[in-house]
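In this note's numbering, the protein residues as written are 93 to 465.
A short write-up of the structure that comes next.
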(Lines of atoms letter the chains of each structure in order from A; the text may use other names.)
(Lines give C-alpha, C1' and ligand atoms only; values in the text may rest on other atoms or scores of the structure.)
Protein backbone atom coordinates (compact mmCIF):
# COMPACT_ATOMS: atom_id res chain seq x y z
CA UNK A 93 0.00 0.00 0.00
CA UNK A 94 1.27 3.43 -0.93
CA UNK A 95 0.85 6.43 1.38
CA UNK A 96 1.17 10.16 0.81
CA UNK A 97 2.54 12.43 3.52
CA UNK A 98 1.15 15.94 3.42
CA UNK A 99 2.97 18.64 5.37
CA UNK A 100 0.73 21.55 6.42
CA UNK A 101 3.04 24.16 4.92
CA UNK A 102 3.09 22.69 1.41
CA UNK A 103 1.03 24.04 -1.44
CA UNK A 104 -1.40 21.09 -1.50
CA UNK A 105 -5.07 21.98 -2.22
CA UNK A 106 -5.92 20.85 1.34
CA UNK A 107 -3.07 22.83 2.89
CA UNK A 108 -5.42 25.14 4.78
CA UNK A 109 -7.02 22.15 6.47
CA UNK A 110 -3.64 20.69 7.36
CA UNK A 111 -2.53 24.01 8.85
CA UNK A 112 -5.53 23.88 11.15
CA UNK A 113 -4.53 20.43 12.28
CA UNK A 114 -0.83 21.19 12.61
CA UNK A 115 1.15 22.35 15.65
CA UNK A 116 2.86 25.76 15.43
CA UNK A 117 6.21 24.11 16.25
CA UNK A 118 6.21 22.51 12.83
CA UNK A 119 5.70 25.77 10.98
CA UNK A 120 8.20 28.41 9.98
CA UNK A 121 8.86 31.44 12.14
CA UNK A 122 6.79 33.61 9.83
CA UNK A 123 3.75 31.41 10.35
CA UNK A 124 3.87 31.31 14.18
CA UNK A 125 1.88 34.49 14.64
CA UNK A 126 -0.83 33.31 12.27
CA UNK A 127 -1.08 29.96 14.02
CA UNK A 128 -1.36 31.59 17.42
CA UNK A 129 -4.28 33.63 16.14
CA UNK A 130 -5.95 30.42 15.03
CA UNK A 131 -5.50 28.72 18.42
CA UNK A 132 -9.03 29.46 19.63
CA UNK A 133 -10.48 28.24 16.35
CA UNK A 134 -8.57 24.97 16.71
CA UNK A 135 -9.95 24.44 20.22
CA UNK A 136 -13.54 24.98 19.04
CA UNK A 137 -13.22 22.42 16.32
CA UNK A 138 -14.62 19.05 17.33
CA UNK A 139 -14.84 17.21 14.07
CA UNK A 140 -13.90 17.80 10.48
CA UNK A 141 -15.47 15.82 7.69
CA UNK A 142 -13.53 15.75 4.47
CA UNK A 143 -14.24 14.10 1.16
CA UNK A 144 -11.38 12.13 -0.31
CA UNK A 145 -11.51 9.78 -3.28
CA UNK A 146 -15.33 9.89 -3.25
CA UNK A 147 -15.63 8.59 0.33
CA UNK A 148 -16.35 10.40 3.57
CA UNK A 149 -13.78 9.92 6.32
CA UNK A 150 -14.24 11.15 9.89
CA UNK A 151 -11.28 12.75 11.61
CA UNK A 152 -11.05 12.51 15.38
CA UNK A 153 -11.36 15.72 17.45
CA UNK A 154 -8.43 18.04 16.84
CA UNK A 155 -5.76 17.79 19.51
CA UNK A 156 -3.35 20.53 20.50
CA UNK A 157 -0.37 18.27 19.92
CA UNK A 158 1.35 18.21 16.58
CA UNK A 159 0.25 15.82 13.90
CA UNK A 160 0.82 15.00 10.30
CA UNK A 161 -2.00 13.64 8.22
CA UNK A 162 -1.24 10.38 6.53
CA UNK A 163 -3.95 9.55 3.96
CA UNK A 164 -4.18 6.34 2.04
CA UNK A 165 -4.13 6.46 -1.71
CA UNK A 166 -7.10 5.13 -3.68
CA UNK A 167 -5.62 1.64 -3.82
CA UNK A 168 -4.83 1.69 -0.11
CA UNK A 169 -8.34 2.76 0.89
CA UNK A 170 -9.90 0.09 -1.27
CA UNK A 171 -7.63 -2.59 0.13
CA UNK A 172 -7.64 -1.66 3.80
CA UNK A 173 -11.12 -0.19 4.12
CA UNK A 174 -9.81 2.52 6.50
CA UNK A 175 -8.11 5.88 6.50
CA UNK A 176 -5.47 6.22 9.23
CA UNK A 177 -4.53 9.35 11.17
CA UNK A 178 -1.35 9.51 13.23
CA UNK A 179 -1.60 11.58 16.42
CA UNK A 180 1.22 13.43 18.11
CA UNK A 181 1.45 10.73 20.80
CA UNK A 182 2.15 8.04 18.21
CA UNK A 183 -1.32 6.51 18.39
CA UNK A 184 -3.13 5.53 15.23
CA UNK A 185 -6.73 6.59 14.74
CA UNK A 186 -8.74 4.82 12.07
CA UNK A 187 -12.01 5.65 10.32
CA UNK A 188 -13.74 2.61 8.80
CA UNK A 189 -15.04 2.92 5.26
CA UNK A 190 -17.51 0.67 3.47
CA UNK A 191 -15.71 -2.26 1.88
CA UNK A 192 -16.35 -3.31 -1.70
CA UNK A 193 -18.16 -6.46 -0.51
CA UNK A 194 -20.40 -4.41 1.79
CA UNK A 195 -21.19 -2.00 -1.02
CA UNK A 196 -22.04 -4.90 -3.33
CA UNK A 197 -24.34 -6.38 -0.67
CA UNK A 198 -26.32 -3.13 -0.36
CA UNK A 199 -29.19 -3.36 -2.87
CA UNK A 200 -30.19 -0.42 -5.01
CA UNK A 201 -33.73 0.80 -5.65
CA UNK A 202 -34.94 -0.30 -9.07
CA UNK A 203 -37.53 2.35 -9.90
CA UNK A 204 -37.95 6.11 -9.99
CA UNK A 205 -40.96 8.21 -9.03
CA UNK A 206 -40.09 10.87 -11.58
CA UNK A 207 -39.74 8.79 -14.73
CA UNK A 208 -40.72 5.42 -16.16
CA UNK A 209 -38.24 2.54 -16.12
CA UNK A 210 -38.43 -0.25 -18.70
CA UNK A 211 -38.68 -3.72 -17.14
CA UNK A 212 -38.49 -6.92 -19.15
CA UNK A 213 -41.25 -9.52 -18.89
CA UNK A 214 -39.66 -12.84 -17.92
CA UNK A 215 -42.86 -14.77 -17.17
CA UNK A 216 -46.60 -14.49 -17.84
CA UNK A 217 -48.64 -17.39 -16.49
CA UNK A 218 -52.29 -18.07 -15.69
CA UNK A 219 -53.24 -18.23 -12.00
CA UNK A 220 -57.03 -18.17 -12.38
CA UNK A 221 -59.93 -17.38 -14.67
CA UNK A 222 -58.80 -14.33 -16.69
CA UNK A 223 -56.03 -13.77 -14.13
CA UNK A 224 -52.32 -13.72 -14.93
CA UNK A 225 -49.13 -13.42 -12.87
CA UNK A 226 -46.58 -11.29 -14.71
CA UNK A 227 -42.93 -11.23 -13.61
CA UNK A 228 -40.93 -8.12 -14.52
CA UNK A 229 -37.14 -8.20 -14.18
CA UNK A 230 -35.22 -5.15 -12.96
CA UNK A 231 -32.41 -3.80 -15.17
CA UNK A 232 -29.98 -4.50 -12.32
CA UNK A 233 -30.37 -8.04 -10.97
CA UNK A 234 -29.32 -6.99 -7.45
CA UNK A 235 -31.89 -4.18 -7.07
CA UNK A 236 -35.04 -4.32 -4.96
CA UNK A 237 -38.41 -2.60 -5.26
CA UNK A 238 -38.04 -0.78 -1.94
CA UNK A 239 -41.76 -0.09 -1.63
CA UNK A 240 -43.31 0.97 1.66
CA UNK A 241 -46.55 -0.86 2.47
CA UNK A 242 -49.19 -0.05 1.48
CA UNK A 243 -47.98 1.22 -1.85
CA UNK A 244 -48.50 1.05 -5.58
CA UNK A 245 -46.82 1.49 -8.95
CA UNK A 246 -47.89 3.15 -12.17
CA UNK A 247 -47.72 0.73 -15.11
CA UNK A 248 -48.00 1.87 -18.71
CA UNK A 249 -49.81 -0.17 -21.36
CA UNK A 250 -51.58 0.08 -24.71
CA UNK A 251 -55.14 1.37 -24.87
CA UNK A 252 -57.76 -1.06 -26.02
CA UNK A 253 -58.64 1.09 -29.06
CA UNK A 254 -55.01 1.34 -30.19
CA UNK A 255 -54.91 5.14 -29.81
CA UNK A 256 -51.79 5.18 -27.62
CA UNK A 257 -50.75 4.27 -24.10
CA UNK A 258 -52.12 4.98 -20.65
CA UNK A 259 -50.83 4.33 -17.12
CA UNK A 260 -52.76 2.61 -14.36
CA UNK A 261 -51.95 1.86 -10.68
CA UNK A 262 -51.02 -1.68 -9.63
CA UNK A 263 -49.90 -3.27 -6.37
CA UNK A 264 -47.20 -5.96 -6.62
CA UNK A 265 -47.76 -9.35 -4.98
CA UNK A 266 -44.00 -9.86 -4.57
CA UNK A 267 -42.47 -8.62 -1.34
CA UNK A 268 -40.84 -5.21 -1.11
CA UNK A 269 -37.37 -6.73 -0.59
CA UNK A 270 -37.55 -9.31 -3.40
CA UNK A 271 -34.27 -9.09 -5.31
CA UNK A 272 -34.11 -8.57 -9.06
CA UNK A 273 -37.79 -8.60 -9.97
CA UNK A 274 -41.38 -7.72 -9.13
CA UNK A 275 -44.56 -9.71 -9.67
CA UNK A 276 -48.00 -8.42 -10.61
CA UNK A 277 -51.26 -10.36 -10.48
CA UNK A 278 -53.60 -8.83 -13.04
CA UNK A 279 -57.24 -9.67 -13.70
CA UNK A 280 -58.50 -9.03 -17.21
CA UNK A 281 -62.00 -7.68 -17.62
CA UNK A 282 -62.77 -8.54 -21.26
CA UNK A 283 -64.16 -5.65 -23.24
CA UNK A 284 -63.51 -3.16 -20.43
CA UNK A 285 -59.87 -3.01 -19.34
CA UNK A 286 -57.03 -1.17 -21.03
CA UNK A 287 -53.72 -1.78 -19.26
CA UNK A 288 -55.07 -4.96 -17.64
CA UNK A 289 -55.89 -6.48 -21.02
CA UNK A 290 -52.50 -5.39 -22.38
CA UNK A 291 -50.60 -6.93 -19.45
CA UNK A 292 -52.49 -10.20 -19.52
CA UNK A 293 -51.49 -10.68 -23.17
CA UNK A 294 -47.95 -9.24 -23.06
CA UNK A 295 -45.36 -11.71 -24.44
CA UNK A 296 -42.23 -12.75 -22.57
CA UNK A 297 -39.32 -10.54 -23.60
CA UNK A 298 -41.44 -7.40 -23.96
CA UNK A 299 -40.41 -4.31 -22.02
CA UNK A 300 -43.07 -2.69 -19.84
CA UNK A 301 -42.69 0.85 -18.48
CA UNK A 302 -43.13 1.19 -14.70
CA UNK A 303 -42.86 4.17 -12.34
CA UNK A 304 -42.95 4.38 -8.52
CA UNK A 305 -43.17 3.54 -5.71
CA UNK A 306 -45.98 5.58 -4.10
CA UNK A 307 -47.17 5.03 -0.54
CA UNK A 308 -50.96 5.12 -0.13
CA UNK A 309 -51.18 4.53 3.62
CA UNK A 310 -48.38 3.68 6.06
CA UNK A 311 -48.97 0.20 7.48
CA UNK A 312 -46.84 -0.50 10.55
CA UNK A 313 -46.77 -3.24 13.20
CA UNK A 314 -49.40 -2.80 15.90
CA UNK A 315 -50.63 0.51 14.45
CA UNK A 316 -54.14 -0.91 14.79
CA UNK A 317 -55.50 -3.71 16.95
CA UNK A 318 -57.77 -5.03 14.20
CA UNK A 319 -57.88 -4.57 10.43
CA UNK A 320 -60.83 -5.51 8.24
CA UNK A 321 -60.15 -5.95 4.51
CA UNK A 322 -62.85 -6.03 1.83
CA UNK A 323 -61.51 -6.93 -1.62
CA UNK A 324 -63.38 -7.28 -4.88
CA UNK A 325 -61.66 -9.15 -7.71
CA UNK A 326 -58.26 -7.63 -8.51
CA UNK A 327 -58.72 -5.41 -5.45
CA UNK A 328 -57.19 -8.35 -3.59
CA UNK A 329 -53.60 -7.28 -4.26
CA UNK A 330 -53.31 -4.24 -1.92
CA UNK A 331 -55.22 -6.12 0.78
CA UNK A 332 -52.85 -9.06 0.40
CA UNK A 333 -49.88 -6.71 0.63
CA UNK A 334 -51.15 -5.35 3.98
CA UNK A 335 -51.77 -8.82 5.40
CA UNK A 336 -48.39 -10.22 4.35
CA UNK A 337 -46.48 -7.19 5.62
CA UNK A 338 -47.92 -7.55 9.13
CA UNK A 339 -47.88 -11.36 9.27
CA UNK A 340 -44.17 -11.38 8.41
CA UNK A 341 -43.29 -9.02 11.25
CA UNK A 342 -42.30 -11.00 14.38
CA UNK A 343 -43.54 -8.36 16.83
CA UNK A 344 -46.89 -7.61 15.24
CA UNK A 345 -50.10 -8.72 16.98
CA UNK A 346 -52.69 -7.19 14.66
CA UNK A 347 -55.82 -9.28 14.01
CA UNK A 348 -56.67 -9.25 10.30
CA UNK A 349 -59.89 -10.39 8.59
CA UNK A 350 -60.40 -10.47 4.82
CA UNK A 351 -63.69 -10.74 2.90
CA UNK A 352 -62.68 -11.63 -0.66
CA UNK A 353 -65.48 -11.08 -3.19
CA UNK A 354 -65.79 -12.60 -6.67
CA UNK A 355 -68.57 -13.32 -9.14
CA UNK A 356 -68.61 -17.08 -8.59
CA UNK A 357 -66.45 -19.81 -7.01
CA UNK A 358 -64.58 -20.39 -10.29
CA UNK A 359 -63.46 -16.74 -10.29
CA UNK A 360 -61.60 -16.96 -6.98
CA UNK A 361 -57.84 -16.80 -7.48
CA UNK A 362 -54.75 -17.20 -5.26
CA UNK A 363 -56.86 -19.12 -2.73
CA UNK A 364 -54.01 -21.59 -2.09
CA UNK A 365 -51.69 -18.72 -1.23
CA UNK A 366 -54.30 -17.03 0.97
CA UNK A 367 -55.15 -20.25 2.78
CA UNK A 368 -51.46 -20.88 3.44
CA UNK A 369 -51.19 -17.44 5.07
CA UNK A 370 -54.20 -18.25 7.24
CA UNK A 371 -52.67 -21.58 8.29
CA UNK A 372 -49.39 -20.08 9.45
CA UNK A 373 -50.90 -16.99 11.10
CA UNK A 374 -51.79 -18.82 14.35
CA UNK A 375 -55.30 -17.40 14.28
CA UNK A 376 -54.34 -13.79 13.51
CA UNK A 377 -55.52 -13.90 9.88
CA UNK A 378 -59.00 -15.04 8.83
CA UNK A 379 -60.57 -15.09 5.37
CA UNK A 380 -64.18 -15.35 4.20
CA UNK A 381 -64.78 -15.98 0.51
CA UNK A 382 -67.87 -14.30 -0.87
CA UNK A 383 -69.43 -14.80 -4.33
CA UNK A 384 -72.24 -12.99 -6.10
CA UNK A 385 -73.90 -16.21 -7.11
CA UNK A 386 -73.45 -19.94 -6.80
CA UNK A 387 -74.23 -22.14 -9.82
CA UNK A 388 -76.95 -24.73 -9.22
CA UNK A 389 -74.50 -27.58 -9.77
CA UNK A 390 -72.05 -26.22 -7.17
CA UNK A 391 -73.44 -27.88 -4.05
CA UNK A 392 -70.06 -27.84 -2.27
CA UNK A 393 -69.96 -24.07 -1.70
CA UNK A 394 -69.83 -23.18 2.00
CA UNK A 395 -68.75 -19.54 1.80
CA UNK A 396 -70.71 -16.29 1.78
CA UNK A 397 -73.15 -15.51 -1.03
CA UNK A 398 -74.35 -12.16 -2.34
CA UNK A 399 -72.98 -8.65 -2.01
CA UNK A 400 -71.34 -7.63 1.26
CA UNK A 401 -74.07 -6.58 3.67
CA UNK A 402 -74.27 -4.76 6.99
CA UNK A 403 -74.81 -8.11 8.71
CA UNK A 404 -71.59 -9.50 7.20
CA UNK A 405 -69.61 -6.46 8.30
CA UNK A 406 -70.96 -6.64 11.85
CA UNK A 407 -70.36 -10.39 12.11
CA UNK A 408 -66.88 -10.68 10.61
CA UNK A 409 -65.12 -7.31 10.63
CA UNK A 410 -63.79 -5.00 13.38
CA UNK A 411 -66.16 -2.64 15.17
CA UNK A 412 -66.18 1.07 14.22
CA UNK A 413 -63.40 2.31 16.49
CA UNK A 414 -61.06 4.67 14.63
CA UNK A 415 -58.54 4.74 17.48
CA UNK A 416 -57.91 0.98 17.34
CA UNK A 417 -59.48 -0.48 14.20
CA UNK A 418 -59.68 0.23 10.49
CA UNK A 419 -61.58 -1.11 7.47
CA UNK A 420 -59.73 -1.05 4.13
CA UNK A 421 -61.65 -1.43 0.87
CA UNK A 422 -60.47 -2.12 -2.68
CA UNK A 423 -62.68 -3.10 -5.59
CA UNK A 424 -64.71 -1.84 -8.55
CA UNK A 425 -66.61 1.48 -8.37
CA UNK A 426 -69.99 -0.12 -7.55
CA UNK A 427 -68.42 -1.77 -4.48
CA UNK A 428 -67.10 1.57 -3.22
CA UNK A 429 -70.47 3.22 -3.75
CA UNK A 430 -72.36 0.50 -1.87
CA UNK A 431 -69.92 -0.07 0.98
CA UNK A 432 -68.00 3.10 1.79
CA UNK A 433 -68.77 5.84 -0.70
CA UNK A 434 -66.66 6.74 -3.76
CA UNK A 435 -63.25 8.37 -3.79
CA UNK A 436 -62.92 11.87 -5.21
CA UNK A 437 -60.82 12.58 -8.30
CA UNK A 438 -60.04 16.31 -8.61
CA UNK A 439 -58.59 17.23 -11.99
CA UNK A 440 -54.81 17.31 -12.03
CA UNK A 441 -54.50 16.23 -8.40
CA UNK A 442 -54.11 12.92 -6.52
CA UNK A 443 -57.35 11.12 -5.58
CA UNK A 444 -58.98 12.02 -2.28
CA UNK A 445 -60.64 9.65 0.18
CA UNK A 446 -63.95 11.48 0.11
CA UNK A 447 -66.70 11.12 2.69
CA UNK A 448 -67.66 7.77 4.15
CA UNK A 449 -70.92 6.52 2.71
CA UNK A 450 -72.90 3.35 2.07
CA UNK A 451 -73.02 0.42 4.48
CA UNK A 452 -70.06 1.55 6.59
CA UNK A 453 -71.54 4.99 7.19
CA UNK A 454 -74.84 3.44 8.25
CA UNK A 455 -72.97 1.28 10.77
CA UNK A 456 -71.22 4.29 12.33
CA UNK A 457 -67.78 4.08 10.72
CA UNK A 458 -66.04 7.45 10.40
CA UNK A 459 -63.23 8.70 8.13
CA UNK A 460 -60.53 7.73 10.60
CA UNK A 461 -61.76 4.13 10.60
CA UNK A 462 -62.06 3.64 6.79
CA UNK A 463 -59.47 3.66 4.03
CA UNK A 464 -60.27 3.36 0.33
CA UNK A 465 -57.44 2.02 -1.85
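Even glycine gets a Cβ: it sits at the ideal position worked out from N, Cα and C.
Keep in mind the model is a prediction, meaning the values are calculated, not measured.
Identity of the residues DSSP links to residue i by a beta bridge
i           : result
residue 354 : 383
residue 320 : 349 and 419
residue 396 : 382
residue 289 : Paired residues: none, contrary to the question.
residue 301 : 210
residue 306 : 244
residue 538 : Residue 538 falls outside the range modelled here, since the chain spans only 93 to 465, and no answer is possible.
residue 462 : 419
residue 389 : DSSP lists no partner for residue 389.
residue 377 : 348
Residue burial classification, residue i (beta-carbon count within 10 angstroms, cutoff 16)
i           : result
residue 420 : buried
residue 244 : buried
residue 234 : exposed
residue 354 : buried
residue 333 : buried
residue 447 : exposed
residue 264 : buried
residue 308 : buried
residue 166 : Confidence at residue 166 is low in this model, with a pLDDT of 34, below 50, so the placement of that residue is unreliable and no value is reported for it.
residue 323 : buried
residue 337 : buried
residue 288 : buried
residue 283 : exposed
residue 416 : exposed
residue 465 : buried
residue 326 : buried
residue 361 : buried
Cα-Cα separation, residue i to residue j
i           : j           : result
residue 459 : residue 202 : 34 Å
residue 441 : residue 266 : 28 Å
residue 248 : residue 238 : 20 Å
residue 443 : residue 433 : 13 Å
residue 427 : residue 399 : 9 Å
residue 312 : residue 200 : 23 Å
residue 228 : residue 272 : 9 Å
residue 335 : residue 439 : 32 Å
residue 224 : residue 274 : 14 Å
residue 236 : residue 269 : 6 Å
residue 387 : residue 381 : 15 Å
residue 425 : residue 391 : 30 Å
residue 260 : residue 366 : 25 Å
residue 252 : residue 290 : 8 Å
residue 242 : residue 310 : 6 Å
residue 297 : residue 215 : 8 Å
residue 285 : residue 277 : 14 Å
residue 330 : residue 350 : 12 Å
residue 429 : residue 401 : 13 Å
residue 352 : residue 255 : 35 Å
residue 230 : residue 457 : 41 Å
residue 394 : residue 205 : 44 Å
residue 250 : residue 257 : 4 Å
residue 383 : residue 198 : 45 Å
residue 385 : residue 397 : 6 Å
residue 406 : residue 295 : 45 Å
residue 462 : residue 435 : 12 Å
residue 450 : residue 220 : 30 Å
residue 452 : residue 431 : 6 Å
residue 342 : residue 389 : 44 Å
residue 218 : residue 246 : 22 Å
residue 357 : residue 222 : 14 Å
residue 340 : residue 372 : 10 Å
residue 328 : residue 423 : 8 Å
residue 454 : residue 404 : 13 Å
residue 359 : residue 279 : 10 Å
residue 293 : residue 418 : 36 Å
residue 262 : residue 240 : 14 Å
residue 445 : residue 306 : 16 Å
residue 232 : residue 314 : 34 Å
Every unbroken beta strand (DSSP E) inside the segment 189-274 [3 residues or more]:
Runs found: 209-220, 223-229, 243-250 and 257-262.
Length at least 4, wholly inside the segment 413-459: the alpha helix (DSSP H) runs in chain order:
425-431 and 450-454
Is it the case that the segment 372-387 contacts the segment 333-351, given that we only count it when at least three CB pairs across the two stretches are under 8 Å?
Contact holds: three or more Cβ-Cβ distances are below 8 Å.
Does the segment 318-328 touch the segment 405-412, meaning 3 or more C-beta pairs lie closer than 8 Å?
yes
When the Cβ atoms of the segment 208-221 are set against those of the segment 295-308, are three or more pairs found closer than 8 Å?
The segment 208-221 is in contact with the segment 295-308.
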